[in-house]
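Position one of the sequence shown corresponds to residue 0 (numbering that gives the first Met the number 0), numbered consecutively onward. Note that beta-carbon positions come from the ideal geometry of N, C-alpha and C, so glycine has one too.
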Amino acid sequence: MEPTDTNLRAWEEAHRSLRRGGGRRGLPKPVRERLPDLDGRHVLHLGCGAGRETAALIGLGALVTGVDSSEETVRAARKRLPDAALVTADVQELPVELLRGRFDVVYSSWGTLALVSDLARFAAGISGALRRGGVVISYDEHPVAACLDQMLHWHESYFETWPVGRVVEALLGAGLGLERLEELPDPNRWGRREIRVPGDLIVIARKP
Numbered sequence: 000m001e002p003t004d005t006n007l008r009a010w011e012e013a014h015r016s017l018r019r020g021g022g023r024r025g026l027p028k029p030v031r032e033r034l035p036d037l038d039g040r041h042v043l044h045l046g047c048g049a050g051r052e053t054a055a056l057i058g059l060g061a062l063v064t065g066v067d068s069s070e071e072t073v074r075a076a077r078k079r080l081p082d083a084a085l086v087t088a089d090v091q092e093l094p095v096e097l098l099r100g101r102f103d104v105v106y107s108s109w110g111t112l113a114l115v116s117d118l119a120r121f122a123a124g125i126s127g128a129l130r131r132g133g134v135v136i137s138y139d140e141h142p143v144a145a146c147l148d149q150m151l152h153w154h155e156s157y158f159e160t161w162p163v164g165r166v167v168e169a170l171l172g173a174g175l176g177l178e179r180l181e182e183l184p185d186p187n188r189w190g191r192r193e194i195r196v197p198g199d200l201i202v203i204a205r206k207p
């Protein structure tokens, strides 16, 4: 369904408010707490989806390029994000225009790692996109949580998802230096507080 002019005007007003408010409300709390100052920085947002987090990044003053594999999603997001460059592409096969080392930050958001079949190629693209001194922040579902059902029974092998060791190994192999790795509990993934199981994975690395 195409958005109406009324819907677009309402969204644009919300977007202006987002800018005035700093934009952080559209980002997950763990990301908000770990982001560097983005004012005037070039940010590549992998897995931008419908653009909610992209809009929040713009609200923080970033110059954002968003990437998503769904043309339909990107087409809808373009109508709502006039300040962002939005590209339809596989996050493992970034267009050459994005691999020229001009981004200060690469943000890989929730759900992106589940789409990656080749972590080495994914990491190489991130490294190619980053300028020297630039950082990648990956915030995603922890692979252990992805393997468990609501009864905490294993429904697939941890080693067939995106094991933490392989994620780190891929980033290091792409020439990035690991700065932070955190495994956080998710208090409401299964509709109850479950602090025994890691829910979130945060990885931060920097291009030397």
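Out of the options, state which residue places its alpha-carbon closest to the alpha-carbon of residue i.
i: residue 156; options: 145, 116, 177, 36; result: 145
i: residue 111; options: 70, 39, 126, 45; result: 45
i: residue 47; options: 59, 60, 83; result: 83
i: residue 56; options: 35, 123, 71; result: 35
i: residue 63; options: 91, 97, 89; result: 97
i: residue 69; options: 200, 61, 50, 59; result: 50
In the DSSP output, what is residue i paired with across the bridge?
i: residue 102; result: 129
i: residue 209; result: Because residue 209 is not part of the residues shown, which for the chain are 0 to 207, the question remains open.
i: residue 193; result: 185
i: residue 139; result: 200
i: residue 134; result: 104, 205
i: residue 176; result: 205
For the beta strand (DSSP E) containing residue i, name the first residue and the last one.
i: residue 171; result: No beta strand (DSSP E) holds residue 171; the alpha helix (DSSP H) holding it covers 163–172.
i: residue 56; result: No beta strand (DSSP E) holds residue 56; the alpha helix (DSSP H) holding it covers 51–58.
i: residue 63; result: 62–67
i: residue 86; result: 84–87
i: residue 30; result: Per DSSP, residue 30 belongs to no beta strand (DSSP E); it is in the alpha helix (DSSP H), 28–31.
i: residue 42; result: 41–45
With H, G and I counted as helix, E and B as strand and the rest as coil, what does DSSP make of residue i?
i: residue 72; result: helix
i: residue 21; result: Bear in mind that the predicted position of residue 21 carries a pLDDT of just 41, short of 50, making it too unreliable to give a figure here.
i: residue 159; result: helix
i: residue 118; result: helix
i: residue 113; result: helix
i: residue 205; result: strand
i: residue 96; result: helix
Let me confirm a value: residue i is counted as buried when at least 16 other C-beta atoms fall within 10 Å, else exposed. Which label applies?
i: residue 136; result: buried
i: residue 152; result: exposed
i: residue 194; result: exposed
i: residue 95; result: exposed
i: residue 71; result: exposed
i: residue 141; result: buried
i: residue 52; result: buried
i: residue 1; result: Its pLDDT being 38, under 50, residue 1 is placed unreliably in this model, and the value from its coordinates should be taken loosely. Exposed, by the Cβ-count rule.
i: residue 67; result: buried
i: residue 198; result: buried
i: residue 202; result: buried
i: residue 158; result: exposed
i: residue 132; result: exposed
i: residue 175; result: buried
i: residue 206; result: buried
i: residue 22; result: A caution first: residue 22 carries a pLDDT of 47, below 50, which makes its placement in the model unreliable, though a value can still be read off. Buried: at least 16 other Cβ atoms inside 10 Å.
i: residue 79; result: buried
What are the start and end residues of the alpha helix (DSSP H) that includes residue i?
i: residue 143; result: 142–145
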